[in-house]
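According to UniProt numbering, the stretch in the sequence shown is residues 1 to 379, in order.
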Amino acid sequence: MSEMFDERIVATGRLPLFGFFVAFMITFVLTRVNVRLIRADVRWWFRNVKAGDVHIHHVVFGVVLMLMGGVASLAVPDAYVGLDLAAAVVFGMGSALVLDEFALILHLSDVYWTEKGRASVDAVFVAMAVTGLLLLGIRPLGYEGLAPDPGTGLITRVYVASLAVNLVLAVVTLLKGKIWTGLIGLFMPALLIVGAIRVARPGSPWSRWRYDQDSRRYQRAVRRETRLRRPLIRAKIWVQEFIAGRHDLIPPELLQRRVDVGERARRRRMARAAARAERRAERRAERGRARRAERRAARRAALRAEREAVERAERNAAARAHRDAAARARRRTLSRVRGQTGSRLRTRAASARRARGRAHGEEPPSGEHPPAEAPELSP
């Protein structure tokens, strides 16, 4: 094993690349274990690194390590293989820390545990795949098989043409939405031919530009996506979650949108409550005004009734006084009439007695003269 390692890695000068690859994988695994323990809120484990209220993401440490490793690899002479290996290890550690938060750099938002955070795992897997292919000695675009002839330059033109064709095929494959095929095809050009010939994925730029949604190609792409790619995507997601954890948090923009929706709903509820309170206050004020108007009307009616009662009492008193005066006048008239009637009757009685006395020959007594008849008074 050591002889094969010396033959294929050390002798070919790929030892720094091997160190980078091993440091990259180990750092990525340890980083994911660390963040998963922090997310699980384990008591005996570390917490997030903060400077005051600022959460320092591990991409910051990755950038620092990448700078240190990159500058060191440039400064160390080629003869110092050990130092070059150490610089490559430091660079691999920094690269793993940076790519582990690739989605944060891409979206400029903390989407580490959201659905968008899967882009970081994809970037790490791509880096591992490319580094592994380079370790195996496979060169991109197959350039190592073409040795240009300095004399004629014929092979040089063939090399340039082959390179251009491979680049065009890689661009077409990537535009068709086949990211892994395009990246791996850079090292295996046969994959680029297959990816460029087959139909594009639905939703890819090539599909939007070239396919009509009613065309047979688009329908075939949809069927192929449903039948083949979705199971592969589910398997990839399972592997990603097994290694890197579940990306099931709500994205910050969606969370902010929900907060905004909740805030708008709260404001609408407050506005409706204020409107209801205002309407209740208006109704209470209207009822108060109505009650005050009723009380004023009742007071006015009472005053009017009181005035009418006083006026009626005054009219009754005046009528009573008038009746009393009329009754007194009638009584005075009646007593005067009665007095006059009594005097007449007495006069008549005396006259009747005298007449009876003359009839019997009686003389009235001396000195007695018959009374003069009083004139009749009409009643």
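The beta-carbon is built from N, C-alpha and C at its ideal position, and this holds for glycine as well.
- Secondary structure of alanine 313, DSSP reduced to three states: Sequence index remark: in the sequence shown, residue 313 carries index 313 (1-based). Secondary structure of alanine 313 (DSSP, three-state): helix.
- Query: From this set, Leu74, Arg296 and Leu104, which residue's C-alpha is nearest isoleucine 56's C-alpha?
  - Reply: One-based indexing of the sequence shown puts residue 56 at position 56. Relative to isoleucine 56, the option among Leu74, Arg296 and Leu104 whose CA is nearest is Leu104.
- I think glycine 92 touches phenylalanine 21, with their Cβ atoms under 8 Å apart; what is that distance to the nearest whole Å? As a working mapping, residue 92 is identified with position 92 in the sequence shown. As a working mapping, residue 21 is identified with position 21 in the sequence shown. Contact check for glycine 92 and phenylalanine 21: beta-carbon distance about 7 Å, within the 8 Å limit, so the pair qualifies.
- Query: Measuring CB to CB, does alanine 62 end up less than 8 Å from valine 98?
  - Reply: One-based indexing of the sequence shown puts residue 62 at position 62. One-based indexing of the sequence shown puts residue 98 at position 98. First, the residue type needs correcting, since residue 62 is glycine and not alanine in the sequence shown. The answer is yes: Cβ separation under 8 Å.
- Item | For tryptophan 113 and alanine 79, the rounded distance between their alpha carbons | For the purposes of this step, residue 79 is taken as residue 79 along the sequence shown, with counting starting at 1. For the purposes of this step, residue 113 is taken as residue 113 along the sequence shown, with counting starting at 1. Cα-Cα distance, rounded: 44 Å.
- Mind checking which residues open and close the alpha helix (DSSP H) that includes tyrosine 218? By one-based count along the sequence shown, residue 218 stands at place 218. Counted as a single uninterrupted DSSP element, the alpha helix (DSSP H) harbouring tyrosine 218 occupies residues 216-224.
- Query: Should proline 231 go down as buried or exposed, given a rule of 16 or more other Cβ atoms within 10 Å for buried?
  - Reply: As a working note, residue 231 is residue 231 in the sequence shown. By the 16-neighbour rule on beta-carbons within 10 angstroms, proline 231 is exposed.
- Task: Return helix, strand or coil for alanine 200, following the three-state DSSP convention.
- Result: In the sequence shown, residue 200 corresponds to position 200, counting from 1. DSSP, read as helix, strand or coil, puts alanine 200 in coil.
- Message: Measuring straight from C-alpha to C-alpha, what distance separates glycine 138 and lysine 50?
- Response: Residue 138 sits at position 138 when you count from the first residue of the sequence shown. Residue 50 sits at position 50 when you count from the first residue of the sequence shown. Sequence inspection shows isoleucine at residue 138; the glycine mentioned does not correspond to that position. The straight-line gap separating the alpha-carbon atoms of isoleucine 138 and lysine 50 is approximately 43 Å.
- Pick helix, strand or coil for serine 378, following the three-state DSSP scheme. In the sequence shown, residue 378 corresponds to position 378, counting from 1. With a pLDDT of 44 at serine 378, under the threshold of 50, the modelled position of this residue cannot be trusted, and the question is left open.
- Identify the continuous alpha helix (DSSP H) that holds arginine 39 and give its terminal residues. Indexing the sequence shown from 1 puts residue 39 at position 39. Run containing arginine 39: 15-39, per the alpha helix (DSSP H) assignment.
- Item | Cβ contact (3+ pairs, closer than 8 Å) linking the region 238-245 and the region 196-209 | Contact between the region 238-245 and the region 196-209 is absent: fewer than 3 CB-CB pairs across the two stretches fall below 8 Å.
- Cβ-based neighbour list, alanine 88, same chain, cut-off 6 Å, excluding 5 preceding and 5 following: Looking up residue 88 in the sequence shown gives position 88. These residues qualify, in order along the chain: Pro16, Gly19 and Phe20.
- Task: Could you tell me the distance, in whole angstroms, from the CA atom of leucine 108 to the CA atom of valine 59?
- Result: In the sequence shown, the residue the question calls residue 108 occupies position 108. In the sequence shown, the residue the question calls residue 59 occupies position 59. Those two C-alpha atoms are separated by around 12 Å.
- Looking only at its own chain, which residues have a Cβ that is under 7 Å from the Cβ of leucine 175, when we skip the five neighbours before and after it? As a first step, residue 175 must be located in the sequence shown, where it is residue number 175. If we look at leucine 175 and ignore the five residues flanking it on each side, its Cβ neighbours are Ser204, Pro205 and Trp206.
- Message: Check this for me: beta carbons of alanine 221 and arginine 234, under 8 Å apart or not?
- Response: Position 221 of the sequence shown holds residue 221. Position 234 of the sequence shown holds residue 234. No, the pair does not count as a contact, with Cβ atoms beyond the cut-off.
- Query: What residue from Arg258, Gln219, Pro140 and Gly342 has the CA that sits closest to isoleucine 184's CA?
  - Reply: The residue labelled residue 184 in the question sits at position 184 within the sequence shown. Among Arg258, Gln219, Pro140 and Gly342, the Cα nearest to that of isoleucine 184 is on Pro140.
- Query: In whole angstroms, what separates the C-alpha of asparagine 316 from that of glutamate 306?
  - Reply: Counting from one through the sequence shown, the residue named residue 316 turns up at place 316. Counting from one through the sequence shown, the residue named residue 306 turns up at place 306. If I take the Cα positions, the gap works out to 15 Å.
- Message: Assuming alanine 244 and valine 121 are in contact, meaning their beta carbons sit under 8 Å apart, how far apart are those beta carbons, in whole angstroms?
- Response: On the sequence shown, residue 244 is found 244 positions in, with the first residue counted as 1. On the sequence shown, residue 121 is found 121 positions in, with the first residue counted as 1. Beta-carbon to beta-carbon, alanine 244 and valine 121 are separated by about 5 Å, close enough to satisfy the 8 Å threshold.
- As assigned by DSSP and simplified to three states, the class of arginine 299: By 1-based counting over the sequence shown, the position of residue 299 is 299. Of the three classes helix, strand and coil, the one that applies to arginine 299 here is helix, per DSSP.
- Message: Given this structure, state the Cα-to-Cα distance separating arginine 323 from arginine 287, to the nearest angstrom.
- Response: Walking along the sequence shown from the start, residue 323 turns up at place 323. Walking along the sequence shown from the start, residue 287 turns up at place 287. Rounded to whole angstroms, arginine 323 to arginine 287 spans 52 Å at the Cα level.
- Query: By DSSP, does lysine 116 sit in helix, in strand, or in coil?
  - Reply: The residue you call residue 116 lines up with position 116 of the sequence shown. Correct three-state label for lysine 116: helix.
- threonine 181 lies in the alpha helix (DSSP H); which residues open and close that run? In the sequence shown, counting from the first residue as 1, residue 181 sits at position 181. Looking at the DSSP string, the run of the alpha helix (DSSP H) that includes threonine 181 is 179-185.
- Task: Can you tell me which of the three DSSP states lysine 50 falls into?
- Result: As a position in the sequence shown, residue 50 is number 50, starting the count at 1. Reduced to three states, the DSSP call for lysine 50 is strand.
- Item | Element boundaries [alpha helix (DSSP H), containing glycine 62] | Translated into positions along the sequence shown, residue 62 becomes position 62. It spans 58-75 - the alpha helix (DSSP H) in which glycine 62 sits, taken as one unbroken run.
- Query: Around the Cβ of serine 95, are there at least 16 other Cβ atoms within 10 angstroms (buried) or fewer (exposed)?
  - Reply: In the sequence shown, the residue the question calls residue 95 occupies position 95. Answer is buried; the Cβ neighbour count reaches 16.
- Query: Can you tell me the Cα-Cα spacing of arginine 257 and arginine 264, whole angstroms?
  - Reply: Along the sequence shown, one-based indexing puts residue 257 at 257. Along the sequence shown, one-based indexing puts residue 264 at 264. Take the alpha-carbon of arginine 257 and the one of arginine 264: they are about 10 Å apart.
- Just mark glutamate 3 as buried or exposed, buried being the case when its beta carbon has 16 or more other beta carbons within 10 Å. Against the sequence shown, residue 3 aligns to sequence position 3. Counting Cβ neighbours within 10 Å, glutamate 3 comes out exposed, since fewer than 16 surround it.
- Query: Of the residues Val81, Val160, Trp45 and Ser335, which one's Cα is nearest the Cα of isoleucine 9?
  - Reply: Position 9 of the sequence shown, counted from the start, is the residue given in the question as residue 9. For isoleucine 9, the closest alpha carbon among the candidates Val81, Val160, Trp45 and Ser335 is that of Val81.
- Message: Applying the 10 Å Cβ sphere with the 16-neighbour rule, what's the burial state of leucine 74?
- Response: Here the question's residue 74 lines up with position 74 in the sequence shown. Exposed, since its Cβ has fewer than 16 Cβ neighbours within 10 Å.
- For alanine 86 versus leucine 106, is the C-beta distance shorter than 8 Å? Along the sequence shown, one-based indexing puts residue 86 at 86. Along the sequence shown, one-based indexing puts residue 106 at 106. The answer is no: Cβ separation not under 8 Å.
- Message: Using C-beta distances below 7 Å, list every residue in its chain close to glutamate 225, excluding the 5 sequence neighbours before and after it, in chain order.
- Response: For the purposes of this step, residue 225 is taken as residue 225 along the sequence shown, with counting starting at 1. Cβ within range, chain order: Arg201 and Pro202.
- Task: For lysine 178, I'd like the list of residues in its chain whose CB is within less than 6 Å of its CB, leaving aside the five on either flank, ordered along the chain.
- Result: Stepping through the sequence shown from its first residue, residue 178 is reached at position 178. Setting aside the 5 residues that flank it on each side, lysine 178 is surrounded in the same chain by Gly195, each with a C-beta closer than 6 Å to its C-beta; the list follows chain order.
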